[in-house]
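Every letter in the sequence shown is one number past the one before it in our numbering, and letter 42, counting from 1, is 46.
Note that beta-carbon positions come from the ideal geometry of N, C-alpha and C, so glycine has one too.
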Amino acid sequence: MPNYPKDIEAEIIFLLPEHGGRKKPIISGLRPQFYYDGRDWDGTMHFDTEEHMPMGIPIIMYFAFISPECHWGKLLPGKEFQLRDGPKIIGNGRILRLIDLEESANTASQSETYSIMRKNND
């Protein structure tokens, strides 16, 4: 299993297929959109197990953002969000705690790629 950062820990309830949820199994490594404050954000969700995750009940998940620097200062424990697969909502969640988000944001903002992108957008 890849070693993703644990930017956040969250409680999530994946919707059952009959309620519009995903028909395929929920497993670590999926890349749904993390939706909050009117925007979708890319990243990877993962779990402490490689088993298929149950739908319809609360479970603990971790999320690693592609752009963690965009979330530092915006996400706090208690913040609600949705996981989406395109326009389809597949789960509703709530952040429990920030784990690696600050470190991930600092690392990303110091990277050469990030500096070039910022320079090109100024």
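* Asked: Just the Cα atoms here: how many angstroms apart are threonine 53 and glycine 42?
  -> 31 Å
* Asked: What are the start and end residues of each continuous beta strand (DSSP E) run of 3 or more residues lying completely inside the stretch 34-69, in chain order?
  -> 37-40, 43-45, 47-50, 62-69
* Asked: Which residue or residues does DSSP assign as beta-bridge partners of alanine 14?
  -> Met65, Ile99
* Touch check for the stretch 74-85 and the stretch 18-34: three-plus C-beta pairs under 8 Å? -> no
* Should isoleucine 70 and glycine 95 be called a contact, given that it needs their Cβ atoms to be closer than 8 Å? -> no
* **Beta carbon of phenylalanine 38 nearer than 8 Å to that of leucine 80** => no
* Can you give the beta carbon distance from proline 62 to glutamate 15, rounded, assuming they're within the 8 Å contact cut? -> 5 Å
* Would you tell me roughly how many angstroms separate the C-alpha atoms of glycine 33 and lysine 83, rounded to the nearest one? => 22 Å
* **Own chain partners of glutamate 107 with C-beta closer than 8 Å, once the 5 adjacent residues on each side are dropped** => Pro9
* **Residue nearest to aspartate 89 in terms of C-alpha spacing, selected from Arg35, Glu13, Asn7** => Arg35
* Give me the Cβ distance between leucine 105 and aspartate 11, rounded to the nearest whole Å; I'm assuming they're in contact under 8 Å. => 4 Å
* Asked: Mapping DSSP to helix, strand and coil, what is leucine 105?
  -> helix
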